[in-house]
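Q: Quick one: the structure is below, and I'll ask about it shortly.
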Amino acid sequence: GMKGSRVQGIVRELSGERIDIVPYSEDPIAFVTKALSPAKILQTIPDEDEMRMRVVVSEDQLSLAIGKSGQNARLASKLTGWEIDLISEQDFAISRGQTARKDEIPVNDLEDLGPKTVDNLIQAGFESVQDIVKATIEELINVPGIGDVTAQKIYLAAVQHLEHVEAEKAERAAAEAEEESVELEFLDPVEETPEDATEDEAEDEAEAPAPAVEAPVVEPAGKVSETASAPKKSGSSDSYLDDIEAMESELTSGWEGDEPEGEGEKS
Numbered sequence: 707g708m709k710g711s712r713v714q715g716i717v718r719e720l721s722g723e724r725i726d727i728v729p730y731s732e733d734p735i736a737f738v739t740k741a742l743s744p745a746k747i748l749q750t751i752p753d754e755d756e757m758r759m760r761v762v763v764s765e766d767q768l769s770l771a772i773g774k775s776g777q778n779a780r781l782a783s784k785l786t787g788w789e790i791d792l793i794s795e796q797d798f799a800i801s802r803g804q805t806a807r808k809d810e811i812p813v814n815d816l817e818d819l820g821p822k823t824v825d826n827l828i829q830a831g832f833e834s835v836q837d838i839v840k841a842t843i844e845e846l847i848n849v850p851g852i853g854d855v856t857a858q859k860i861y862l863a864a865v866q867h868l869e870h871v872e873a874e875k876a877e878r879a880a881a882e883a884e885e886e887s888v889e890l891e892f893l894d895p896v897e898e899t900p901e902d903a904t905e906d907e908a909e910d911e912a913e914a915p916a917p918a919v920e921a922p923v924v925e926p927a928g929k930v931s932e933t934a935s936a937p938k939k940s941g942s943s944d945s946y947l948d949d950i951e952a953m954e955s956e957l958t959s960g961w962e963g964d965e966p967e968g969e970g971e972k973s
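Under this note's numbering, the first residue of the sequence shown carries the number 707, and numbering increases by one thereafter.
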């Protein structure tokens, strides 16, 4: 209705009960996907014989799809007539005997792909964007519901999306490497070059104090040094003996002159 007038009237009749409007679709996959909105569906695996549908969602969307005490899943099941089994992407991979491949991009990340096309691609074996890029146009055309033009569009979109993701990864890796390089510059010690060592030695020599100069020792007047009094030994033994005799003569004459006056030989 105009500005939700019809819905507002029903809400008042139901005492404020919240109402969600879900467009009907004869395609059970599209119908279940709309019924579980706003949760984002990654993959659906229908079993028409049992009227049961396995719905795969990402880990962060699982609680939103289930709802409080499983209310959202029960209401979607009653609305569509299908039994809905919700499972996380990781648990689904384990149940198939596989591990989730972190580097692979889910095919539902491609824009402008409807849930039916995504489901057909997954059932045909194209579970990731990388799988589509590795495929040929002929292989994509063999997928039910995909013609020649659609196959070319899907392939081109997959190539562009993969290039965009790889470019972002390269930028992040370069930024992280630059940050690590800056940290190492601050942590690593700087190696001393031979030129730096020579400059340091020159500075140490310039700052070292000058050696002290000893002043000459001046002896008092009248004191004869031992060096001057000692006879010098020459190369000739005769000259050496002459010097000794001269020294003894000087000492003897000195002693004789020191005798006190008035003292002579006793009579």
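Built from N, CA and C at the ideal position, the CB exists for glycine as well.
(1) Label T842 either buried or exposed according to how many other C-beta atoms from any shown protein chain fall within 10 Å of its C-beta, with 16 as the threshold for buried.
(2) So within the segment 791-853, which uninterrupted alpha helix (DSSP H) runs reach at least 4 residues, ignoring any that extend past its ends?
(3) For a quick check, are the C-beta atoms of V849 and A830 less than 9 angstroms apart?
(4) Going by other Cβ atoms of all chains shown within 10 Å of its Cβ, with 16 needed for buried, is P821 buried or exposed?
(5) What does the alpha-carbon distance come out to for the pair G787 and A741?
(6) Starting from V763, trace the beta strand (DSSP E) both ways and give me its first and last residue.
(7) Taking three-plus beta-carbon pairs below 8 angstroms as touching, is the segment 861-875 in contact with the segment 809-817?
(8) Along the alpha helix (DSSP H) that carries L781, what are the first and last residues, could you check?
(9) Spatial neighbours of I790 within its chain, please: C-beta separation below 7 angstroms, excluding the five flanking residues on both sides.
(10) Have a look at Q836, S794, R712 and E719 and flag the residue whose alpha-carbon is nearest the alpha-carbon of L816.
(11) Considering just the uninterrupted stretch of the beta strand (DSSP E) at L748, what are its terminal residues?
(12) Provide the residue(s) that pair with E789 in DSSP beta bridges, ordered along the chain.
(13) Considering only residues of the same chain and omitting the five flanking positions on each side of V717, which have a CB-CB separation below 8 angstroms?
(14) If you draw a straight line from the alpha carbon of S769 to that of I751, how long is it in whole angstroms?
(15) In angstroms with no decimal places, state the Cα-to-Cα distance between V763 and G853.
(16) Identify, in the order they occur along the chain, each residue of the same chain with its Cβ nearer than 8 angstroms to the Cβ of I847, setting aside the five sequence neighbours on each side.
(17) Identify which residue in V839, S721 and V713 has its Cα closest to the Cα of V728.
(18) Just the Cα atoms here: how many angstroms apart are I800 and G710?
(19) Contact defined as beta carbons within less than 8 angstroms: I believe S743 pairs with E765. What is the distance between those atoms, to the nearest angstrom?
A: Reading off the structure:
(1) exposed
(2) 795-801, 821-829, 835-840 and 843-847
(3) yes
(4) buried
(5) 11 angstroms
(6) R758 to V763
(7) yes
(8) Q777 to T786
(9) V738, M759, V761, A779, A782 and S783
(10) Q836
(11) I747 to D753
(12) R758
(13) E723, R724 and I725
(14) 20 angstroms
(15) 28 angstroms
(16) G853, D854 and A857
(17) V713
(18) 45 angstroms
(19) Actually they are not in contact, since the Cβ atoms of S743 and E765 sit about 18 angstroms apart, beyond 8 angstroms.
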